[in-house]
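K.L.:
Position one of the sequence shown corresponds to residue 17 (our numbering), numbered consecutively onward.
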Amino acid sequence: MASWGRHNFSLPRIHSGKNLLPKNPLNHFAHPELLYSLPAVLLLLAVLYLRSRKLADQKLKQLITQKLAHDLIPSFSRNRQIFKFCLFFLGIAFILLAWAGPQWGTTQRTITPKGIDLLIAVDLSKSMLARDVRPNRLERVKLTLSNLLPSVRGDRLGLIAFSGSSFLQCPLTLDHQAFAKSLEDLNVGLIPRMGTNLALPIQEASRSFSKDDNDKFLVLISDGEDLEGQGLQEAKQAAKQGIRIYTIGIGSEEGAFIPTDPLGQPAKNFLTDRQGKKVLTKLDEDALRDIAVLTGGQYLPIGPTGEGISYVFSELQAHGQKKLREHLSTELPINRYQVFLLLGLAFLISESLTSTSKKKLGTITIQCFLILFLFMAGCWKPENIRLAEDAIEQGNPMDAAELYAKQISELNVKDEDTGLLSLNAGLAYLKAGKVDLAEEYLNLSLKQTTNLPQIQAKALNALGNIYYKKANAFLDQQNVKQAREAWRKAREFYSSAFSINGHTLAEENLASLNNQIQERIESLVCKIEGIVWRDINGNGKVENHEPRLSSIVYWDRNNNGEHNKTNEPSIRSDTTGHFAFEWISGTFPTSLAIASVLSDQNKSEQDILLPLFPTPPPPLDAQHVKNHLITLDKPGLHRIVIPWRGAPVLNGNVWNDINGNAQKDSNESGSNAVTIFLDTNGNFQIDENETSFKPSNDGSFAEIVRPGQFSVRIIPDNQDSNITFPIEEHKSYLTWVDFEQQSPPLLFGIQQDGNSSGSSSQQNNKTSEPEQTNQADQPNQSDQQSTEEINALYERLLQESESKSEPLQLEPDFYAPTQTGRDY
17 MASWGRHNFS LPRIHSGKNL LPKNPLNHFA HPELLYSLPA VLLLLAVLYL RSRKLADQKL
77 KQLITQKLAH DLIPSFSRNR QIFKFCLFFL GIAFILLAWA GPQWGTTQRT ITPKGIDLLI
137 AVDLSKSMLA RDVRPNRLER VKLTLSNLLP SVRGDRLGLI AFSGSSFLQC PLTLDHQAFA
197 KSLEDLNVGL IPRMGTNLAL PIQEASRSFS KDDNDKFLVL ISDGEDLEGQ GLQEAKQAAK
257 QGIRIYTIGI GSEEGAFIPT DPLGQPAKNF LTDRQGKKVL TKLDEDALRD IAVLTGGQYL
317 PIGPTGEGIS YVFSELQAHG QKKLREHLST ELPINRYQVF LLLGLAFLIS ESLTSTSKKK
377 LGTITIQCFL ILFLFMAGCW KPENIRLAED AIEQGNPMDA AELYAKQISE LNVKDEDTGL
437 LSLNAGLAYL KAGKVDLAEE YLNLSLKQTT NLPQIQAKAL NALGNIYYKK ANAFLDQQNV
497 KQAREAWRKA REFYSSAFSI NGHTLAEENL ASLNNQIQER IESLVCKIEG IVWRDINGNG
557 KVENHEPRLS SIVYWDRNNN GEHNKTNEPS IRSDTTGHFA FEWISGTFPT SLAIASVLSD
617 QNKSEQDILL PLFPTPPPPL DAQHVKNHLI TLDKPGLHRI VIPWRGAPVL NGNVWNDING
677 NAQKDSNESG SNAVTIFLDT NGNFQIDENE TSFKPSNDGS FAEIVRPGQF SVRIIPDNQD
737 SNITFPIEEH KSYLTWVDFE QQSPPLLFGI QQDGNSSGSS SQQNNKTSEP EQTNQADQPN
797 QSDQQSTEEI NALYERLLQE SESKSEPLQL EPDFYAPTQT GRDY
């Protein structure tokens, strides 16, 4: 396999301005001082050779005479010895010239900056335990910084912890894993001396920055309560030293108490002052803004998802790149050491293959050139590879990726070398931010390097990094479903990389991924669980004997109690009525309207079910309540119950009593030629404000009404028709209905011809009548009450029923429903 290693003989010199060829020949070398030693070394070699030959001749003369030497040693050739020494002499000379770094010609190069130096100071005072941001101020800062680490890859980061004192928690480093570990170790008890002194982190930053640094950036994250009041004074000194401070405020202007309970437990105990009063901590934006403005920086609030810190990071990177590009765009000399090095190696190899005995010169020459060709074939690097490596060194990953891709396209055989090139192309595209192209080449590398576990592990780890980035991007878009899928794939790639050869970086990435993504998801997501069931006893509690209802639960975006499938997302509960979904909101508190529709198997014409909603707010208008309104104070788990109950129903039948005998005979059918109404005021007449309805074509009716007692009457459409049943004088029913309690069958008979006589009607009253259930709800037919007596009885019963009615109370642990959200 070809070896494409780099030769690190010299670093190129950077020339500013117009680069002309130097007149002094020594300026053609990167290390001209080595040329002064070249004559001495060559002279020493010549002296050593001549001395060794002289000693060899003396020993030869002691053995044989000069005249017999040619006869006794016919293959001996002094000329070949001299030729062999000349090859060695030239080989050493050319290697020394290559070592001196010959350079001629120039090339225009733009060196992209490799990053900036950035110190981050984090407040560890007790006020950072306040929970006016979730989960609390300090944890929000740590979580935000951890999530933004991939966006500052290539930058040196340092960490300062401060409260009443300060120290450098992590020096400036490119090792972001070490920075993340130092960040994770931050807690309020890390510094024994409490309080907030904004001057201390500025002083620590002044000591940490090098005096040679032209750009010095400090990001100061605090709630701004400078208890010592020295921050502004120290900021003036920092401005004189060229330190630019960006301040990030965290907290709320309204303030919050400082809980002493561990994170994850309800805040019940709070920090108090000497008088026993709870300490209220507020965000002091003025102090932070003054420090930033004084040093030429900027103040920003952290924001609900850390956008303040993200903005500062992007601004600082853009500033650093602009400054460096202005100074490092120049002409560079071209290194030419390769030719001298190859010539030197060629002479040395030829010398080792040259014999002092007499051989055919053609044979020796062929051997030398064959070995030299094989050697050069292994060492010569393709131009695209060389340029790609140069682009990587100069911080141009996009150019490098395109050069690697070009080299891959030029290769005919898809061997292991191609797999390595695909890996390099994928890594370069990933560094350039071209995630899709990076994924394509990394997958190609996996297919081409099945026998190279080291390459496979690197490709798998890089694919894990890609899906880690995707997971964070989806979370920024509040798309939890896609974020979880990307999270799952990233874990699979990291696990595979670790299982192949124990890839250490993949193991660290896997642990970091599990913690960071889970924390981000938990900080954004509200998980809403609930159950739909039939609340038979009406106590708002789910009990074992009460049936569960399969249903469709939907977001009532229009707040009209009706499911619009085109723009109102929904989920289906399981057969036991349980459901769960996730909700994301950019701000808290927020609200969400939830409603449900029963599945077909839970619908019945005989057993009608109605949803029950919470008690409406003042002025207690039930028409305003059409769903369950959940109030979400913070991310986390929320529970809701959606009860349904059997509807209060007036049901019965109207039939056409042809013979007027007040009995439904087999030849008599149902009739809808009547209007049924609820006689609210007891005047036996249908009024404008009284509920009325028509029976169906077969005469049956099932009308949902509010719970209570009602007087039910009918009016025939034909005024000449007679009501033959019920047979009591006012032809009405007095009945009671409630949830889970329908009325008994209410039967009405009418005679359409209107020819029945009064005597016939009286006879029918004496001889027969249909059997009726629950007659206790009807007036005694034998008693002929006056209109006034019936009205009085109805009024009294109605008052009693209203005094007993109570609104349904739900459990306090279950919430009732937001207008916004994305992942349903």
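We put the beta carbon where it would ideally sit given N, CA and C, even for glycine.
The structure displayed is predicted, hence computed values, not measured ones.
Is V753 helix, strand or coil by DSSP?
P.N.:
Within the sequence shown, the letter at position 737 stands for residue 753. Residue state, collapsed to three classes: strand.
K.L.:
Apply the 10 Å Cβ neighbour rule to L213 and answer buried if 16 or more other Cβ atoms are within range, or exposed otherwise.
P.N.:
Counting from 1 along the sequence shown, the entry for residue 213 is found at position 197. The sequence shown places Asn at residue 213, not Leu. With 16 or more other Cβ atoms within 10 Å, it is buried.
K.L.:
Give the DSSP bridge partners of P118, in chain order.
P.N.:
Sequence index remark: in the sequence shown, residue 118 carries index 102 (1-based). P118 pairs with F45.
K.L.:
Please classify K284: does DSSP put it in a helix, a strand, or coil?
P.N.:
Within the sequence shown, numbered from 1, the residue matching residue 284 stands at position 268. In this structure, K284 counts as coil in the three-state DSSP scheme.
K.L.:
So, helix, strand or coil for G556, using DSSP?
P.N.:
Along the sequence shown, one-based indexing puts residue 556 at 540. The answer is coil: DSSP assigns G556 none of H, G, I, E or B.
K.L.:
So what does C102 bridge to, in DSSP terms?
P.N.:
Here residue 102 is taken as the residue at index 86 of the sequence shown, counted from 1. Looking at the DSSP assignment, C102 forms no beta bridge with any residue, so it has no partner.
K.L.:
For A196, is the classification buried or exposed, using 16 other Cβ atoms within 10 angstroms of its Cβ as the cut-off for buried?
P.N.:
Looking up residue 196 in the sequence shown gives position 180. Per the 10 Å Cβ criterion, buried.
K.L.:
With a CB to CB cut of under 6 Å and the five nearest residues on each side skipped, what residues in its chain are close to E818?
P.N.:
In the sequence shown, counting from the first residue as 1, residue 818 sits at position 802. Note that E818 scores a pLDDT of 47, beneath 50, so its modelled location is shaky and nothing firm can be said.
K.L.:
Please tell me whether I709 and I702 are closer than 9 Å, where the distance is taken between their beta carbons.
P.N.:
Taking the sequence shown and counting its residues from 1, the one referred to as residue 709 is at position 693. Taking the sequence shown and counting its residues from 1, the one referred to as residue 702 is at position 686. According to the sequence displayed, residue 709 carries Phe and not Ile. Cβ atoms of F709 and I702: not closer than 9 Å.
K.L.:
At what residues does the beta strand (DSSP E) containing R172 begin and finish?
P.N.:
Translated into the one-based positions of the sequence shown, residue 172 becomes position 156. Segment R172 to F178, the beta strand (DSSP E) holding R172.
K.L.:
Could you work out which residue in A473, F726, D300 and Q498 is closest to K486 when comparing CA atoms only?
P.N.:
By one-based count along the sequence shown, residue 486 stands at place 470. The residue with the shortest Cα to Cα distance from K486 is Q498.
K.L.:
If we ignore side chains and look at the alpha-carbon of each, how far apart do T465 and N459 end up?
P.N.:
Start at 1 with the first residue of the sequence shown, and residue 465 comes out as number 449. Start at 1 with the first residue of the sequence shown, and residue 459 comes out as number 443. If I take the Cα positions, the gap works out to 10 Å.
K.L.:
Report yes if the C-beta distance between V57 and I136 is below 9 Å; otherwise report no.
P.N.:
Within the sequence shown, residue 57 is the residue found at index 41, counting from 1. Within the sequence shown, residue 136 is the residue found at index 120, counting from 1. No. Outside cutoff.
K.L.:
Tell whether a beta-carbon distance below 9 Å holds between A689 and D733.
P.N.:
Numbered from 1 along the sequence shown, position 673 holds the residue referred to as residue 689. Numbered from 1 along the sequence shown, position 717 holds the residue referred to as residue 733. Cβ distance < 9 Å, so A689 and D733 count as in contact.
K.L.:
Closest to F225 by C-alpha separation, out of A611, L608, I307 and I132, would be which residue?
P.N.:
Here the question's residue 225 lines up with position 209 in the sequence shown. Among A611, L608, I307 and I132, the Cα nearest to that of F225 belongs to I132.
K.L.:
Apply the 10 Å Cβ neighbour rule to D201 and answer buried if 16 or more other Cβ atoms are within range, or exposed otherwise.
P.N.:
The count along the sequence shown starts at 1 and reaches residue 201 at position 185. Its Cβ having fewer than 16 others within 10 Å, D201 is exposed.
K.L.:
Near F183, what residues of its chain come up, given a Cβ to Cβ distance below 8 Å and the 5 sequence neighbours on each side ignored?
P.N.:
Taking the sequence shown and counting its residues from 1, one reaches residue 183 at position 167. Closer than 8 Å at Cβ, skipping near neighbours: I176, A177, I207 and E220.
K.L.:
Between F101, Q97, E49 and Q74, which lies nearest to L59 when the distance is taken from Cα to Cα?
P.N.:
The count along the sequence shown starts at 1 and reaches residue 59 at position 43. Considering only alpha carbons, the answer is F101.
K.L.:
Is the segment 325 to 333 touching the segment 297 to 307, taking contact as three or more C-beta pairs under 8 Å?
P.N.:
In short, these stretches do not touch, since the Cβ pair count stays below three.
K.L.:
Residues in its own chain within less than 6 Å of G312 by CB, not counting five upstream and five downstream?
P.N.:
For the purposes of this step, residue 312 is identified with residue 296 of the sequence shown, where counting begins at 1. If we look at G312 and ignore the five residues flanking it on each side, its Cβ neighbours are R260.
K.L.:
On a CA-only basis, which of S615, S607 and E405 is nearest I587? Give me that one, please.
P.N.:
Here residue 587 refers to the residue found at position 571 when the sequence shown is read from its first residue. Closest option to I587, Cα to Cα, is S615.
K.L.:
Please report the straight-line C-alpha distance between E455 and E426, rounded to a whole angstrom.
P.N.:
What you label residue 455 is simply residue 439 of the sequence shown in a count that begins at 1. What you label residue 426 is simply residue 410 of the sequence shown in a count that begins at 1. About 21 Å.
K.L.:
Measuring CA to CA, which of Y483, E598 and Y570 is closest to Q494?
P.N.:
Here residue 494 corresponds to residue number 478 of the sequence shown, with the count starting at 1. Cα-wise, what sits closest to Q494 is E598.
K.L.:
Can you give me the C-alpha to C-alpha distance between L369 and I98, rounded to a whole angstrom?
P.N.:
Taking the first residue of the sequence shown as position 1, residue 369 is located at position 353. Taking the first residue of the sequence shown as position 1, residue 98 is located at position 82. Roughly 14 Å between the two C-alpha positions.
K.L.:
Please report the distance separating the alpha-carbon of D714 from that of N697.
P.N.:
Stepping through the sequence shown from its first residue, residue 714 is reached at position 698. Stepping through the sequence shown from its first residue, residue 697 is reached at position 681. Spanning the two alpha carbons is a distance of roughly 29 Å.
K.L.:
Measuring straight from C-alpha to C-alpha, what distance separates S601 and V149?
P.N.:
Here residue 601 refers to the residue found at position 585 of the sequence shown. Here residue 149 refers to the residue found at position 133 of the sequence shown. One C-alpha to the other measures close to 14 Å.
K.L.:
What span of residues does the beta strand (DSSP E) with R352 cover, start to end?
P.N.:
The residue labelled residue 352 in the question sits at position 336 within the sequence shown. Taken as a continuous stretch (DSSP letters only), R352 belongs to no beta strand (DSSP E), as it is neither H nor E.
K.L.:
Alpha carbon to alpha carbon, how far is K294 from L159? Give it in angstroms, no decimals.
P.N.:
Reading the sequence shown from its first residue, position 143 is the one you call residue 159. Reading the sequence shown from its first residue, position 278 is the one you call residue 294. Their Cα atoms are separated by approximately 28 Å.
K.L.:
Taking the Cβ atom as the reference point for each residue, do A407 and A421 lie within a distance shorter than 9 Å?
P.N.:
As a working note, residue 407 is residue 391 in the sequence shown. As a working note, residue 421 is residue 405 in the sequence shown. Their beta carbons are not under 9 Å apart, which means A407 does not touch A421 by this criterion.
K.L.:
Starting from L462, follow the alpha helix (DSSP H) in both directions and report where the run begins and ends.
P.N.:
The sequence position of residue 462 within the sequence shown is 446, counting from 1. First-last of the alpha helix (DSSP H) with L462: V451 to Q464.
K.L.:
Since E598 sits in a beta bridge, which residues does DSSP pair it with?
P.N.:
On the sequence shown, residue 598 is found 582 positions in, with the first residue counted as 1. Note: E598 sits in a beta bridge opposite K543.
K.L.:
Quick check on this structure: which residue in P563, S198, Y749 and I739 has the alpha carbon closest to the alpha carbon of Q768?
P.N.:
Along the sequence shown, read from residue 1 onward, the residue named residue 768 stands at position 752. Closest by alpha carbon: I739.
K.L.:
For E490, report the span of its beta strand (DSSP E) as first-last.
P.N.:
The sequence position of residue 490 within the sequence shown is 474, counting from 1. Correcting the residue type first, residue 490 is Phe in the shown sequence and not Glu. Premise fails: F490 lies in the alpha helix (DSSP H), P469 to D492, not in any beta strand (DSSP E).
K.L.:
For Q585, which three-state DSSP category applies?
P.N.:
The sequence position of residue 585 within the sequence shown is 569, counting from 1. In the sequence under discussion, the amino acid at residue 585 is Pro, which differs from the Gln named in the question. Coil at P585, not helix or strand.
K.L.:
Suppose you measure from the CA of F286 to the CA of V558; what does that come to, to the nearest Å?
P.N.:
Residue numbering aside, residue 286 sits at position 270 when the sequence shown is read from its first letter. Residue numbering aside, residue 558 sits at position 542 when the sequence shown is read from its first letter. Spanning the two alpha carbons is a distance of roughly 36 Å.
K.L.:
In chain order, what residues of the same chain lie with their CB nearer than 6 Å to the CB of P317, ignoring the 5 residues before and after it?
P.N.:
As a first step, residue 317 must be located in the sequence shown, where it is residue number 301. Here the set comprises G265 and G324.
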